[in-house]
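Those protein sequences? They're chains C and W, same order as listed. For the first sequence, my numbering gives the first residue as 7, with consecutive numbering after it. For the second sequence, my numbering gives the first residue as 7, with consecutive numbering after it. C-beta: ideal position from N, C-alpha, C; glycine also. Note that the coordinates shown come from a computational prediction; the quantities given were computed from them, not determined experimentally. First up is the structure itself, then whatever we jot down about it.
Protein chains: 2
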Amino acid sequence: MVQIPNPPAPAPPAPKRSVPTSADVARLAGVSRATVSYVLNNARAVRISEPTRRRVREAARELGYVPHAAARSLRAGHSRMVLMPAPAFPVGPLYSRFINELQAALSLLDYTVVQHGTIGVHDDEAARAWAELRPVAVLVPGSGLGPRGVEVLKRSGARAVVTLGPETVEGAHALLMDHDVVGHSAGAHLFDTGRRRIGVVVPGERGLDTFSAPRLAGVRAAVRGTDATVTELPLAHDEEAAASLARRWRDLGLDAVFAYNDEYAMLLMRALQDEGIRIPEETAVVGADDLMLGRLLRPRLSTVHLELPSGQELADLVDRAVRDPSASPEAHKVLGARTIRRDST
Amino acid sequence: MVQIPNPPAPAPPAPKRSVPTSADVARLAGVSRATVSYVLNNARAVRISEPTRRRVREAARELGYVPHAAARSLRAGHSRMVLMPAPAFPVGPLYSRFINELQAALSLLDYTVVQHGTIGVHDDEAARAWAELRPVAVLVPGSGLGPRGVEVLKRSGARAVVTLGPETVEGAHALLMDHDVVGHSAGAHLFDTGRRRIGVVVPGERGLDTFSAPRLAGVRAAVRGTDATVTELPLAHDEEAAASLARRWRDLGLDAVFAYNDEYAMLLMRALQDEGIRIPEETAVVGADDLMLGRLLRPRLSTVHLELPSGQELADLVDRAVRDPSASPEAHKVLGARTIRRDST
DNA sequence: TTGAAAGCGCTACCAT
DNA sequence: ATGGTAGCGCTTTCAA
Chain C
7 MVQIPNPPAP APPAPKRSVP TSADVARLAG VSRATVSYVL NNARAVRISE PTRRRVREAA
67 RELGYVPHAA ARSLRAGHSR MVLMPAPAFP VGPLYSRFIN ELQAALSLLD YTVVQHGTIG
127 VHDDEAARAW AELRPVAVLV PGSGLGPRGV EVLKRSGARA VVTLGPETVE GAHALLMDHD
187 VVGHSAGAHL FDTGRRRIGV VVPGERGLDT FSAPRLAGVR AAVRGTDATV TELPLAHDEE
247 AAASLARRWR DLGLDAVFAY NDEYAMLLMR ALQDEGIRIP EETAVVGADD LMLGRLLRPR
307 LSTVHLELPS GQELADLVDR AVRDPSASPE AHKVLGARTI RRDST
Chain W
7 MVQIPNPPAP APPAPKRSVP TSADVARLAG VSRATVSYVL NNARAVRISE PTRRRVREAA
67 RELGYVPHAA ARSLRAGHSR MVLMPAPAFP VGPLYSRFIN ELQAALSLLD YTVVQHGTIG
127 VHDDEAARAW AELRPVAVLV PGSGLGPRGV EVLKRSGARA VVTLGPETVE GAHALLMDHD
187 VVGHSAGAHL FDTGRRRIGV VVPGERGLDT FSAPRLAGVR AAVRGTDATV TELPLAHDEE
247 AAASLARRWR DLGLDAVFAY NDEYAMLLMR ALQDEGIRIP EETAVVGADD LMLGRLLRPR
307 LSTVHLELPS GQELADLVDR AVRDPSASPE AHKVLGARTI RRDST
C-alpha cells in the first residue's frame, strides 16, 4: 500500500452515472438496440450468433443494466402485475400463510405480486390509485370494493378482479368467504352440547366488523327457531375491558360464549377465571382460528378451525381469468369451518 | 320495448372498449392533449379558461379516464414509488403497526408505498426484480440485501436505499435494529435477579435466525465475565418439541430461560408447568415483544419491551435521502429494549 | 389561452 | 443475422 501524503480534497464519490438503458448496452456491445432486446429476452423468432449474444450479455453485465419495467409494459400494452391492497391491520398466521402461498403460486405463473399501501383512501379513490399502475389483475380482500371500483379497474385494463369477502360484487370474480359459517359452527356446537344462553364477543376494533358481523349472524342463524338466546358482547382487546365484562358476567346469566377468535377467547377466559368463573362448567368458551395458543390454555380451548382456500387455487383462478377475461365471473364459496372440541366446552 | 323473436347468438357482452388515454379525453373535450394534461394536473404555470377546464374534467369523468403511471414516470424520469419486500413470514402486531405508520407517513409525503412479493428469489436477483420497477426508494428489513444489491438499486436510479437490520450495508442508509440489545436486557435482568444458569431458546423456524442469533449473542454479552452460563436451546414452535424439552429440563439444571419472544415463552412455560416445574421459583422465564398474551399468562410473563422507531421517523429519513441522495448514508441505532418485570422472574 | 411535437425506454415489425 | 424505426401514454417546451 502506497502512502499518499496530503490527499487532495476528497473527490466527489463516483460521479453519479445516469441509469444505463438498452441503448447504452447496444453502444458498448457495438450492436443495435433491437439486437440487445432480442438477446436479453431470448427471442426465439430471431437467430443471433453466439459471439454477439456474449458481447451483449457482457456489456449488460458490465453496465449493471436492468430493464425498465414501465417502458416495457408501456410498449407491450400490458403488464404481469397482480395487485392487492396491503392489509391495514395485523393479520394472523392463517392469512399470512395464504398470502405467501398465493405469491409463490403466482410467481410460478410468472406474475409479479405487489401489495399496494392504500391507507386512508376510500373506495373508488383506492381503485383509481390501483388502476394507475395498470395491473393485469387485482385481488381485494374484505369488502372495500364496490361495483364502481370494479368498473374503474376493468376500464383501466385489469383483466381480472377478484374479491375475497362476504359477498359478490358486480363484475368481479369472488372467493366468497362468508364468516357466517364460522359463527354457525360455533353456535351449533354450543347448542348441541346443551348450552342455551349464548354470548358472542364482538371486537371493538374497527376493520374487524367485516368478520365479526357475519360471525355473530352465523351464531344467530344456528340457533334460530330454538329456545336458545344470543347476546352480543362488545369487547375491546384490552385487559380492563375484559375484566369489566367478567365482573358483570354472572348478571348476564350466560352459559356459553363464542369469543370471536382465539385471541379474544384467551383474553376473556383469563378474565372469567380471575373472576372465579369455572370453565366449562359455568360457562363454555369457544374461540376461532385454531391457533397454537388455544392448545396452550388450561382448559384447552375449543375452537373453530377455518379452511381457507389454498393460494394455489386462487392463483389458478386468477390465471384463468386473465387468459379469458370475457368469461363471466365465477363465485366460489371457499370458507369451511368445523369446531374442534377441546376442554373449554 | 320491442319484442325481438329468436335473438341471434348471444352478443358478446359489452364490446370491451379499450383503455381510454388522455388523447381520448382531449378528443371528447375538443382540446389538445397538452391542455388535458394541464387541467388534470392543475398546472399552475399555465392559465386555462374555466369553461375549458370543466369540459376536460367532464370528458375525463365520462370516459373513466385514469392516468397511466408507467407512462407518466417514464416521461418524468422518476417515480414516487417506495418499495419494500413483503415479509415472508407472519409478522407480529409490532411490526404490522410500524409498517402501517410508515405507509401513512409516506403517503402524506406523496409517496406510493408498494410491497413486492419476492419469494424464493435470492439476494441480487431480488434486487434486480425491484430495480425493474425503478422505485425512488427501497426499504429492506432483515439482512437479505448485500452491497451488490444496493449497487444494483442505486445504478437503477433508486435515490435512497435503507436497510432495517442488524448491520450497515455499504452504500445504504441503515436503521440499525440490533436485536442484541433485546437479549442483553433479558440477560442482565436475569443475572440481576440472581440467576446464573441461563437457557436461551432459539426458534427452529428459519427466517427467524436474523433475530434469534443476535438475541442469543446479547444474552451472552450481558453475562460475559461473570460466573453465569448460557445454554442454547433449539426449539420448534410446536407442543411436542416443547414437551420434549421440558422433560429433560431438570437434567439441564437451568434456573432461568430467555424464550426468544412471548409466543415461545408461552409455549415453553406451559410445557414446564405441565412437567411440574414451578415458575419462577425453579426456573425464571422471560419473553420479548411485550404482547398482550404475556399479561394473560399465570404467572404473568416478564418480557422485554421493544422500542421500534416510529414510522414517521423512517418516512422522514427516506424523504431526506430522496431529496439529497448525495448525502452520505446515515446509520441510526433505533432499537431500544427494556425488560418489564412481571411474575415469571 | 391553446396546440404541435419531441422524447422518456422498450419491443416488434420490416428491411437489408 | 442484424439494424432502422414506429409507437406505447404522458408531460413540457416552444410557437402561435
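Q. How is the beta strand (DSSP E) around L139/C delimited, first residue to last?
A. From DSSP, L139/C is part of no beta strand (DSSP E); its letter is neither H nor E.
(Q) If the criterion is Cβ atoms closer than 9 Å, does the pair I4/C and T309/C meet it? (A) Chain C is shown from 7 up to 351; residue 4/C falls before or after that span and cannot be answered.
Q.
For N106/C, would you say it is in contact with chain W, using Cβ-to-Cβ distances shorter than 9 Å as the test?
A. Taking a beta-carbon distance threshold of 9 Å, N106/C counts as an interface residue toward chain W.
(Q) Against chain C, which members of the stretch 70-87 of chain W pass a CB distance test of less than 7 Å? (A) For the stretch 70-87 of chain W, the set of positions with a beta-carbon nearer than 7 Å to some beta-carbon of chain C reads G70, V72, P73, H74, A75, A76, A77, S79, L80 in chain order.
**Q.** Test: T174/C CB closer than 9 Å to a CB of chain W
**A.** Residue contact with chain W for T174/C: absent (no Cβ-Cβ distance below 9 Å to any residue of chain W).
Q: Answer yes or no: do Y266/C and R221/C have a C-beta to C-beta separation smaller than 9 Å?
A: Remark: C-beta atoms of Y266/C and R221/C approach each other more closely than 9 Å.
Q. Measuring CA to CA, which of A249/C, V97/C, F104/C is closest to R103/W?
A. Of the candidates A249/C, V97/C, F104/C, the one whose C-alpha sits nearest the C-alpha of R103/W is V97/C.
**Q.** Supposed contact pair L239/W and A247/W - C-beta distance, whole angstroms, cut 8 Å
**A.** Contact check for A247/W and L239/W: beta-carbon distance about 10 Å, past the 8 Å limit, so the pair fails to qualify.
(Q) Three or more C-beta pairs under 8 Å: does that hold for the stretch 151-159 of chain C against the stretch 152-164 of chain W? (A) In short, these stretches do not touch, since the Cβ pair count stays below three.
(Q) Given this structure, state the Cα-to-Cα distance separating E5/W from V72/W, to the nearest angstrom. (A) The shown model of chain W, from 7 to 351, leaves out residue 5/W, and the question about it has no answer.
(Q) Any beta carbon of chain W sitting closer than 9 Å to that of T216/C? (A) By this cut-off, T216/C is not an interface position.
Q) Are the C-beta atoms of G224/W and some chain C residue less than 9 Å apart? A) So no, G224/W is outside the interface.
Q) So what does Q121/C bridge to, in DSSP terms? A) The partner list for Q121/C (beta bridge, DSSP) reads M90/C, Q121/W.
**Q.** Partner residues on chain W for V158/C, Cβ-Cβ distance less than 8 Å
**A.** Going along chain W in sequence order, the residues near V158/C (Cβ under 8 Å) are G70, V72.
Q. For the stretch 192-207 of chain C, which residues have a beta carbon sitting closer than 9 Å to at least one beta carbon of chain W?
A. Contact residues of the stretch 192-207 of chain C toward chain W are absent (C-beta to C-beta distance below 9 Å).
Q) By how many angstroms is the C-alpha of T199/W removed from the C-alpha of L341/W? A) Rounded to the nearest angstrom, the two C-alpha atoms are 24 Å apart.
Q. Taking the runs of the alpha helix (DSSP H) that are 4 residues or longer, which of them lie wholly in the stretch 256-340 of chain C?
A. Considered as a whole, the stretch 256-340 of chain C harbours 268-280, 298-302, 317-329 as its complete alpha helix (DSSP H) runs of no fewer than 4 residues, in chain order.
**Q.** Same chain only: Cβ atoms within 8 Å of H338/C, ignoring 5 sequence neighbours per side
**A.** Hits under 8 Å: A180, L181, L182, P315, L323.
Q: Using the DSSP secondary-structure output, state which residues sit across from P240/W in a beta bridge.
A: DSSP, once it has assigned bridges, lists V208/W as partnering P240/W.
(Q) According to DSSP, simplified to helix, strand and coil, what is R134/C? (A) Under the three-state reduction of DSSP, R134/C is assigned to helix.
Q) So, do the stretch 126-146 of chain C and the stretch 70-89 of chain C have three or more beta carbon pairs nearer to each other than 8 Å? A) With contact defined as three or more Cβ pairs closer than 8 Å, the stretch 126-146 of chain C and the stretch 70-89 of chain C are in contact.
Q: Using the Cα positions of A66/W and E68/C, report the straight-line distance between them to the nearest angstrom.
A: Computed Cα separation, rounded: 45 Å.
Q) Should the stretch 213-227 of chain C be called in touch with the stretch 249-263 of chain C, which here means at least 3 C-beta pairs below 8 Å? A) In short, these stretches do not touch, since the Cβ pair count stays below three.
Q: Go to T169/C, then tell me how far its alpha helix (DSSP H) extends in each direction, as first and last residue.
A: Element bounds for T169/C: not the alpha helix (DSSP H) but the beta strand (DSSP E), 166-171.
Q) Straight-line CA distance for P14/C to L214/W? A) At P14/C, the pLDDT of 35 sits below 50, so the modelled position is not reliable and the matter cannot be decided from this model.
Q | R344/C to L302/C span [Cα, whole Å] | A | Going by the C-alpha atoms only, they are around 20 Å apart.
Q.
Please confirm whether G150/C has its beta-carbon closer than 9 Å to some beta-carbon of chain W.
A. Residue contact with chain W for G150/C: absent (no Cβ-Cβ distance below 9 Å to any residue of chain W).
Q: Say whether chain C places a C-beta atom closer than 9 Å to the C-beta of L43/W.
A: The residue you asked about is not Leu; residue 43/W is Ser in the sequence shown. With 9 Å as the cut-off, S43/W does not count as an interface residue toward chain C.
Q. Does the stretch 121-130 of chain W come within contact of the stretch 105-123 of chain C, defined as at least 3 CB pairs closer than 8 Å?
A. Three or more pairs of CB atoms, one per stretch, sit closer than 8 Å, so the stretch 121-130 of chain W contacts the stretch 105-123 of chain C.
(Q) Which of the three DSSP states is assigned to I105/W in this structure? (A) In the structure shown, I105/W sits in a helix (DSSP, three-state: H, G or I).
Q: Tell me where the beta strand (DSSP E) around A343/W begins and ends.
A: It spans 342-346 - the beta strand (DSSP E) in which A343/W sits, taken as one unbroken run.
Q: Under 8 Å by Cβ, that's how I've got V168/W and L145/W pegged, so tell me the actual separation to the nearest angstrom.
A: The pair is a contact, with the Cβ atoms about 5 Å apart (cut-off 8 Å).
Q. What do you get for P57/W, buried or exposed, if any count of 16 or more other CB atoms within 10 angstroms of its CB means buried?
A. The residue in question, P57/W, is exposed, as its Cβ has fewer than 16 Cβ neighbours within 10 Å.
Q) What are the partner residues of R203/C, as DSSP defines its beta bridges? A) In the DSSP assignment, the residues bridged to R203/C are T235/C.
Q: Output yes or no for whether 9 Å exceeds the beta carbon distance between L89/W and L80/C.
A: If you check the CB distance, L89/W and L80/C do not come in under 9 Å.
**Q.** For V144/C, the residue or residues it bridges with in DSSP
**A.** Paired residues: L89/C, V167/C.
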